[in-house]
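As given, the protein sequences belong to chains H and U, one line each in that order.
To convert, count from 1 in the first sequence and add 2; that's my numbering.
To convert, count from 1 in the second sequence and add 2; that's my numbering.
A virtual CB, placed ideally from N, CA and C, is assigned to each residue, including glycine.
Given the structure is predicted, the values throughout are model-derived calculations rather than measurements.
Just below is one structure, and these are the notes that go with it.
Number of protein chains: 2
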Amino acid sequence: MATEPSAIAEQKAEAAEAKPLRADAQRNRDRLVEVAASVFAERGIDASLEEIARRAGVGIGTLYRHFPTREHLVEVVYRREVEALCAAAGELAQKHPSDVALEQWMQRFVDYIATKRGLATSLRILLSTNSTLFSDTSGRVSQALRQLVEAAVADGTIRGDVDASDVLHALSGIYSAPDTPEWRGRSRRLVKLLMDGLRFGAVKTR
Amino acid sequence: MATEPSAIAEQKAEAAEAKPLRADAQRNRDRLVEVAASVFAERGIDASLEEIARRAGVGIGTLYRHFPTREHLVEVVYRREVEALCAAAGELAQKHPSDVALEQWMQRFVDYIATKRGLATSLRILLSTNSTLFSDTSGRVSQALRQLVEAAVADGTIRGDVDASDVLHALSGIYSAPDTPEWRGRSRRLVKLLMDGLRFGAVKTR
DNA sequence: CACTAAAGCGGAGGCGCCTCCGTTTATTAC
DNA sequence: GTAATAAACGGAGGCGCCTCCGCTTTAGTG
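Okay, structure coming up:
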């Protein structure tokens with residue numbers, strides 16, 4: 003029972019999928035996604051697929067079998083990154099007081115957006131072409147934020163008269179004037195400012 | 003004065019441009035646009051640029067000098083086609099009674115939309131990327147339609163209680179269910195139906 | 001005409017995309 | 001263990017993209 007094959011197979015699968023891939027196939031697929039993430043980050047979304055295959059140590063044919071188009075690959079990478087961002091919410095919530103968790107998560111959100119600079123146009127096309135992708139991921143992100151905000155409101159570390167959508171709205175400034183060199187700094191200050199506002203209210207009303 | 007060089011140069015230019023191209027360059031450019039229009043129409047917007055150069059009898063380098071990106075070329079072709087469509091309004095107005103001119107122009111509009119089937123996605127991306135292109139061309143088209151409608155209203159061949167935007171609105175049905183085989187026929191019938199409605203009113207209210 | 005500078009031409013070459021199919025490997029059955 | 005077979009691999013090859021630069025043509029000038 004302990005070494006039952008199907009249990010091992012299921013252990014492998016990140017999300018339940020139709021067919022359990024052969025071990026080598028799963029390995030290559032994972033590798034490709036991982037490498038693609040870093041190549042896209044460093045070279046932009048138009049990076050050479052052949053370079054990705056090369057760096058992953060597989061043939062170009064293997065890449066194409068797993069991801070028939072560039073968009074397929076980009077989508078998987080993008081979903082994985084959103085996933086990781088959202089998962090960080092839970093981890094931060096465990097390790098830190100809830101107001102600190104919220105702040106750190108927002109800073110991480112800024113970092114995440116930063117890596118998407120330059121990918122903006124292609125990503126916008128992808129998101130407008132694939133509306134499921136858009137609603138899935140934006141839903142996930144705002145859910146993660148909601149979780150953090152509600153926890154912080156609940157234990158009184160931030161003021162109680164705001165909710166997640168207010169905070170998201172306040173964060174929307176980080177989408178503007180994207181390509182300027184000061185963008186990163188400004189955005190980090192914006193988050194601090196926002197946190198001060200949130201904490202200030204908490205002290206006052208308690 | 004009759005053979006003054008600058009006069010000849012200006013004669014060549016379709017629209018006043020910064021630099022009067024050398025004769026051979028102008029010839030090649032015109033040729034490329036013309037060939038590109040038919041190749042795009044027959045192979046779709048992703049047609050090979052090398053084929054276009056080949057068919058135009060120029061080197062690929064020449065194509066790229068005139069049109070640094072595919073989008074540049076597509077844009078010029080698109081503008082030229084919209085131009086031709088709008089110019090047809092004036093010609094039809096001269097040759098036919100104004101209600102007939104209006105009807106024929108609308109049928110031609112249907113034909114024009116028909117050639118854009120399949121190009122839909124790429125064209126939509128281009129139009130959303132390049133907002134000037136969108137506003138320019140849609141402005142031109144509705145202006146042409148307005149001219150025809152107003153003339154027909156003025157001489158009483160169609161009813162007087164409609165304007166160009168009503169007609170455009172009524173035509174919007176031709177954008178829907180685009181890829182079905184009956185689309186063409188349905189759209190032509192829609193135009194006839196619309197014209198009958200417009201003429202009917204004219205008889206009644208006069 | 002002849003001459004010259006500037007403008008234009010064109011295609012080789014390097015790279016990326018994607019498909020196709022002969023070879024290799026994991027898995028299953030015995 | 002071995003055999004059989006389905007799954008997966010990988011890279012050659014064909015095509016398109018785009019740049020670069022040596023060659024050709026044009027448009028002026030005397």
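List, in order along the chain, the chain H residues whose C-beta lies closer than 8 Å to that of residue i?
i	result
Ile127/U	Ile127
Taking all protein chains shown into account, decide if residue i is buried (16 or more other Cβ within 10 angstroms of its Cβ) or exposed.
i	result
Ala103/U	buried
Ile202/U	The residue you asked about is not Ile; residue 202/U is Phe in the sequence shown. Exposed: under 16 other Cβ atoms inside 10 Å.
Tyr177/U	exposed
Leu195/U	exposed
Asp198/H	exposed
Asp163/H	exposed
Asp113/H	exposed
Ser40/H	exposed
Glu152/U	exposed
Glu44/U	exposed
Glu105/H	buried
Ser50/U	exposed
Asp101/H	buried
Ser137/U	exposed
Ser133/H	exposed
Ser189/H	buried
Thr131/U	exposed
Would residue i and residue j be called neighbours here (beta carbons separated by less than 9 Å)?
i	j	result
Ala204/U	Arg142/U	no
Ser144/U	Ala166/U	yes
Arg110/H	Leu87/H	yes
Ala95/U	Leu150/U	yes
Ile62/U	Leu75/U	no
Met108/H	Val193/H	yes
Leu121/H	Phe42/H	yes
Looking only at its chain, what residues have a beta carbon closer than 8 Å to the beta carbon of residue i, apart from the 5 residues adjacent to it on each side?
i	result
Asp48/U	Ser124
Arg191/U	none
Arg81/U	Leu135, Asp138 and Thr139
Ile10/H	No answer about Ile10/H holds up, because its pLDDT of 33 lies below 50 and its placement is not dependable.
Comparing alpha-carbon positions, which option in the options lies nearest residue i?
i	options	result
Pro70/H	Arg31/H, Ala43/H, Gly59/H and Arg82/H	Arg31/H
Gly92/U	Ala146/U, Gly59/U and Pro99/U	Ala146/U
Arg29/H	Leu65/H, Pro99/H, Asn132/H and Gly46/H	Leu65/H
Asp200/H	Ala154/H, His98/H, Arg186/H and Arg190/H	Rather than Asp, the amino acid found at residue 200/H in this sequence is Leu. Of the listed residues, the one whose Cα sits closest to Leu200/H is Ala154/H.
Glu77/U	Lys97/U, Ile127/U, Glu52/U and Arg56/U	Ile127/U
Glu73/U	Asp26/U, Leu129/U, Lys97/U and Arg56/U	Leu129/U
Gly158/U	Pro22/U, Trp185/U and Pro99/U	Pro99/U
Lys21/U	Arg56/U, Glu52/U, His68/U and Phe42/U	His68/U
Ala27/U	Arg56/U, Gly46/U and Val60/U	Val60/U
Val79/H	Lys97/H, Arg56/H and Gly46/H	Gly46/H
Kindly list the residues whose CB is nearer than 7 Å to the CB of residue i, restricted to its own chain and excluding five residues on each side of it in sequence; keep chain order.
i	result
Val84/H	Thr139, Arg142 and Val143
Arg148/U	Ala166
Ala90/U	Trp107 and Arg110
Which same chain residues end up closer than 6 Å to residue i when comparing Cβ atoms and leaving out the 5 residues on each side of it in sequence?
i	result
Ala58/H	Arg33, Leu34 and Val37
Gly175/H	Leu192
Is residue i close to the ligand NAD? I mean its beta-carbon at under 8 Å from any heavy atom of the ligand.
i	result
Val112/U	For the ligand NAD, the structure offers nothing, since it holds no ligand at all.
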